[in-house]
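S.K.:
Residue numbers (our numbering), protein chains in the order written: chain A, 5 to 112; chain B, 155 to 267.
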């Protein structure tokens, strides 16, 4: 079954504690992307990747890092999370036709 | 700069009536347009897209959307609404394959039994 898998689905963490949200797709897609969803703001793109070792900033990249060492995986890294990064995060692949189930992150 | 607007935060429609969720866009080239639906506690699901060709695009769950270049609109429609259509709907646009996708702020659709 074609899918995009994010982990974890829910995460509560403390300010400053580094965390990684994983994203994996099984469709051999080149394009992958991360979004955050906030009430009244819709989805805003954080980073995207056109292929392995190729990443670019989206609209709200500050405070985030990504890597694309292999085609199937596109992890989102928060080196020093802050409360304003509390949000619902989505990974997507292949021109955004496939989205993961989302990761609800709370930073306290 | 690219942008997409969904002018209604919420739309209420009686079950069985036709529904329309509005979307307008602003791009400097030819747009790729998308609609997605988000059910509670779920991810986004792709409904349909317009890239080129016929202005009327048919998608999943009986939805369709009409591309209107002169009005820069891409409204989502369904002839007869179901209570199960109640969800959050997002319109999105990109200019070419390598560009990022810009999402609207979403429209919450309530279908009243």
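Where a beta carbon is used, it is the ideal one built from N, C-alpha and C, also for glycine.
So for residue 214 of chain B, helix, strand or coil by DSSP?
M.R.: If DSSP states are grouped into helix, strand and coil, residue 214 of chain B belongs with the helices.
S.K.: Give the secondary structure of residue 89 of chain A by DSSP, where H, G and I count as helix, E and B as strand, and everything else as coil.
M.R.: DSSP places residue 89 of chain A in helix when its eight states are reduced to three.
S.K.: Taking Cβ-Cβ distances shorter than 8 Å, what residues in chain A pair up with residue 187 of chain B?
M.R.: Going along chain A, no residue has its Cβ under 8 Å from residue 187 of chain B, so there is no contact; the nearest lies around 12 Å.
S.K.: Does the beta-carbon of residue 53 of chain A have 16 or more other beta-carbons within 10 angstroms, so that it is buried, or is it exposed?
M.R.: When all chains shown are included, residue 53 of chain A counts as buried.
S.K.: Near residue 73 of chain A, what residues of its chain come up, given a Cβ to Cβ distance below 8 Å and the 5 sequence neighbours on each side ignored?
M.R.: Closer than 8 Å at the Cβ level, and outside the excluded window around residue 73 of chain A, lie 56, 57.
S.K.: State the DSSP-derived secondary structure class of residue 60 of chain A, mapped to helix, strand or coil.
M.R.: It is a strand residue.
S.K.: Note down, in chain order, every chain B residue with its Cβ under 8 Å from the Cβ of residue 105 of chain A.
M.R.: Under the 8 Å cutoff, chain B gives 196, 197.
S.K.: Which same chain residues, not among the five before or five after residue 114 of chain A, have their C-beta less than 6 Å away from its C-beta?
M.R.: The question about residue 114 of chain A has no answer, for chain A in this structure spans 5 to 112.
S.K.: Quick test of your reading: residue 42 of chain A and residue 91 of chain A, contact by CB under 8 Å. State the CB separation rounded to the nearest angstrom.
M.R.: That pair is a contact at about 5 Å.
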